[in-house]
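The numbering of the sequence shown is this note's numbering, which starts it at 47 and goes up by one.
Cβ atoms here follow ideal geometry from the backbone N, Cα and C, with glycine treated the same way.
Report on one structure; see the data block that follows.
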Amino acid sequence: MSGADSFLSWSFRIIGQGVKAAVLVVALVVIGIPVLMIAAHTIIPVLVLLFPVWLVRKYGPLLVIKFVRVCRSITPNRENSG
């Protein structure tokens, strides 16, 4: 009988771990879906709006310098056109 008892104990332990895992997965899904929905409606748009700001802060001065150089090369020089 001890062999059967140990088998039952082992099988119930395995089933218990499976139930714990299933409850954990269900809890993660139930909590995770609203969190993802909130993130999709708040965090992601904020990141999308901040990305151009970051680009302008990082590369803005270089773009302004290039724009000024292009404008100077396109416009005729007033001193020489006289």
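Length of the line joining the Cα atoms of residue i and residue j
i: V94; j: V76; result: 27 Å
i: W56; j: L70; result: 21 Å
i: V72; j: V65; result: 10 Å
i: F97; j: R118; result: 30 Å
i: P107; j: V114; result: 11 Å
i: V116; j: L109; result: 10 Å
i: L74; j: A68; result: 10 Å
i: S52; j: A85; result: 48 Å
i: K104; j: P91; result: 20 Å
i: W100; j: T121; result: 31 Å
i: G78; j: I89; result: 15 Å
Residue-level contact to chain D via CB, residue i, 8 Å cutoff
i: V81; result: Among the chains in the structure shown there is no chain D, since it carries only a single protein chain.
Other residues of its chain near residue i: CB distance less than 7 Å, five sequence neighbours each side excluded
i: H87; result: none
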